[in-house]
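Asks: Below you will find the structure I want to go over with you.
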Amino acid sequence: MRAARLHEYTDDMSEGLAIEEIDRPEITRSDEVIVEVEGAGWCQTDNHIIEGMWEPYVPQPLPMTLGHENAGTVIETGEEVEIVEEGDPVICHPVQTCGTCRACRQGETMYCENDAFNGLTTDGGFADYLLTNERAVIPLPDGVEPIDIAPHADAGITAYHAAKKAVRKLNPGDHAVIVGIGGLGHIGVQVVDAMSAAQITAVDLKDSALELAEEGGADHLVNPEQEDVREFVDSVTDGKGAAQVLDFVGADVTTEYAPDITAAGGDHHIIGYGGHIHEPAQALVNGEFSYVGNIVGQYTELQELVALVEQGDVDLHTSRYDLEEVNTVAEKLEHREIDGRAVITP
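Letter by letter, the sequence shown follows residues 1 to 346 of the UniProt record's numbering.
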C-alpha cells in the first residue's frame with residue numbers, strides 16, 4: 001500500500017514526507033480493526049512532528065507514517081470485535097487505549113499508560129489502510145461521510161474538549177474570546193455557540209478566517225493588525241473581560257493577552273502551542289485567572305461531537321488533496337494559506 005512516511009526531522013516542509021510502498025497492516029490481536037482510509041485530516045501538529053517538536057515528549061520510531069485524523073470503511077476485524085463489522089463507515093479516535101490501566105478505568109483515556117497514538121507514536125492514516133483497535137472506532141450515522149468528518153478525529157474533539165470545559169463556566173451575559181479561527185478554531189466557535197448563550201468574539205489575522213467565524217456564530221470580529229485586541233475586548237465587555245478565552249494559536253503574543261482580556265476568575269485555555277507563558281505571578285494573583293492546558297478529547301467526547309455534527313450544529317470547512325500532495329499541504333499550512341481543515345484523500 002502507499003504511505004506518507006517521515007524518515008528524519010526537518011524544518012523544510014517541501015520534503016518532509018516520502019510517499020512509499022509498504023506492507024499493508026495485518027490483524028495480530030483479537031481486538032484490532034483495519035480501516036480503508038477515505039479521509040485523513042492534516043494538522044498543524046503534523047508540521048510540528050516533522051520538525052521534531054514532539055520527539056522529546058513521546059517515543060517516535062522512524063520511519064513512521066503520519067496522520068492522526070482518520071475516517072474510512074472497516075475492511076477487517078479481529079475475532080472478538082463486536083462494535084463494528086466489515087463495510088461499516090467509522091471515524092477513528094487517534095489514541096488506541098488499553099482500557100485496564102488506572103487512567104482508563106477512571107475514564108481519562110488520554111492519560112492511558114499503554115496508549116498508541118496513530119501518526120505520533122505508531123503508524124497513522126496518511127496511507128491506504130490504517131491499523132487501529134475496537135476501542136478507538138466510532139460507527140458513523142447514516143448520511144455522514146467519512147471523508148467529510150475525518151478532521152473531527154483530532155481537530156474536532158480537541159476543540160470540543162476545550163469548548164466543553166469553557167461552556168461549563170459560561171453564563172448568559174458572559175463573553176468568550178476565541179483566538180485563531182483555523183482548523184480547530186472554526187470548530188470551537190461553532191461548539192461554544194451551540195452549547196452556550198455567551199457572546200463570542202473571534203480574533204484572527206485573516207479576514208477570510210473572521211468571515212468563517214461569523215458564519216459559525218461569532219458576534220464580534222477583530223483583526224489584530226487593524227485594531228487593538230485588548231481595547232476591543234474591553235469595549236465589548238464593558239471593561240469586565242472575557243469569562244473564557246480559547247487560544248487556538250498558543251504563540252507568545254496570544255498567551256500575553258490573558259492578564260488584560262480575561263475576566264477575574266476566568267480561564268485562558270491553551271490549545272494551540274509553540275509559544276511560551278511569561279507572566280509575573282502577581283498578574284495571576286491579582287486577576288485570579290488561570291491558564292488551562294488542553295489535549296485531545298476523550299473517546300466519549302468524540303461521540304458527543306459526532307452527535308452535534310449529525311444534528312447540524314457543527315460543520316467542517318475543508319479542502320481536499322491527494323496523498324501525493326502531502327508536502328504541498330504542509331507548506332500551505334506553514335504559510336497560513338489554508339482556511340479550515342485540509343483533508344488528505346488516499
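All residues carry an ideal CB built from backbone N, CA and C; glycine is no exception.
From a predicted model like this one, the values you see are computed outputs, not experimental measurements.
#1: Indicate the three-state DSSP secondary structure (helix, strand or coil) for I49 in the structure shown.
#2: For the 8 Å Cβ check, are there 3 or more pairs between the stretch 159-175 and the stretch 186-196?
#3: I338 by DSSP, collapsed to three states: which one?
#4: Whole angstroms are fine: how far does the CA of G297 sit from the CA of residue 359?
#5: Residues in its own chain within less than 7 Å of D313 by CB, not counting five upstream and five downstream?
#6: Between G143, N70, P151 and V179, which has its C-alpha nearest N133's C-alpha?
#7: What number of angstroms, rounded off, separates the C-alpha of C104 from the C-alpha of C98?
#8: In the structure shown, what three-state DSSP assignment does F117 receive?
#9: What separation, rounded to the nearest whole angstrom, lies between the Cα atoms of F117 and Q44?
#10: Report yes or no: do the stretch 241-252 and the stretch 172-187 share at least 3 C-beta pairs separated by less than 8 Å?
#11: Could you have a look at C92 and say whether DSSP puts it in helix, strand or coil?
#12: Where DSSP assigns a beta bridge to A3, which residues make up the other side?
#13: Would you mind working out which of V81, T65, E86 and L66 sits nearest I75, comparing C-alpha positions?
#14: Nearest CA to the CA of E108: which residue from T300, A4, L316 and E304?
#15: Quick check on the burial criterion: 16 or more other C-beta atoms within 10 angstroms. Buried or exposed for N114?
#16: For residue 356, which residues does DSSP report across the bridge?
#17: Per the DSSP calculation, I200 is bridged to which residue(s)?
#18: Would the beta-carbon of F126 fall within 8 Å of that of I344?
#19: List the endpoints of the continuous alpha helix (DSSP H) containing V189.
#20: Under the DSSP definition of a beta bridge, which residues are partnered with N70?
#21: Checking the sheet assignment: what are the DSSP bridge partners for T132?
#22: Between the Cα of K206 and the Cα atoms of P63, H335 and G72, which residue gives the shortest distance?
#23: Kindly indicate which residue of G217, L210 and E215 has the alpha-carbon position closest to the one of N223.
#24: Taking all protein chains shown into account, do 16 or more other C-beta atoms lie within 10 angstroms of the C-beta of L62, making it buried, or fewer, making it exposed?
#25: Looking only at its own chain, which residues have a Cβ that is under 8 Å from the Cβ of C101, when we skip the five neighbours before and after it?
#26: Within 10 angstroms of the Cβ of I277, are there 16 or more other Cβ atoms? Answer buried if so, exposed if not.
#27: May I have the straight-line CA-CA distance separating H269 from D219, to the nearest angstrom?
#28: Roughly how many angstroms separate the alpha carbons of E26 and L333, rounded to a whole number?
#29: Can you check DSSP and say which residues form a bridge with A242?
Replies: According to the structure shown:
#1: Helix.
#2: A contact exists between the stretch 159-175 and the stretch 186-196.
#3: DSSP places I338 in coil when its eight states are reduced to three.
#4: The shown model of the chain, from 1 to 346, leaves out residue 359, and the question about it has no answer.
#5: Closer than 7 Å at the Cβ level, and outside the excluded window around D313, lie Q190 and A194.
#6: Looking at the Cα atoms, N70 is the closest of the given residues.
#7: Rounded to the nearest angstrom, the two C-alpha atoms are 7 Å apart.
#8: F117: strand per DSSP, three-state reduction.
#9: About 16 Å.
#10: Of all C-beta pairs linking the stretch 241-252 to the stretch 172-187, three or more are shorter than 8 Å, placing the two stretches in contact.
#11: Strand at C92.
#12: Paired residue(s): E20 and A127.
#13: Distance check between I75 and each of V81, T65, E86 and L66 places E86 closest, using alpha-carbon atoms only.
#14: Distance from the Cα of E108 is smallest, within the candidate group T300, A4, L316 and E304, for T300.
#15: By the 10 Å Cβ count, N114 comes out exposed.
#16: Outside the displayed span of the chain (1 to 346) sits residue 356, for which this structure offers no information.
#17: Partner residues in the beta bridge of I200, as assigned by DSSP, are A176.
#18: Cβ distance < 8 Å, so F126 and I344 count as in contact.
#19: Taken as a continuous stretch (DSSP letters only), the alpha helix (DSSP H) holding V189 covers G185 to M195.
#20: Listed as beta-bridge partners of N70 by DSSP are A40 and C92.
#21: According to DSSP, T132 bridges with V33.
#22: Among P63, H335 and G72, the Cα nearest to that of K206 is on H335.
#23: Per the Cα distances, L210.
#24: Looking at its Cβ environment, which holds fewer than 16 other Cβ atoms inside 10 Å, L62 is exposed.
#25: Its chain contains C112, E113 and N114 as the residues whose beta carbon lies nearer than 8 Å to that of C101, once the 5 sequence neighbours on both sides are disregarded; these appear in chain order.
#26: Classification for I277: exposed.
#27: Near 20 Å, if we compare the C-alpha coordinates of D219 and H269.
#28: C-alpha separation (whole angstroms): 33 Å.
#29: Paired residue(s): T262.
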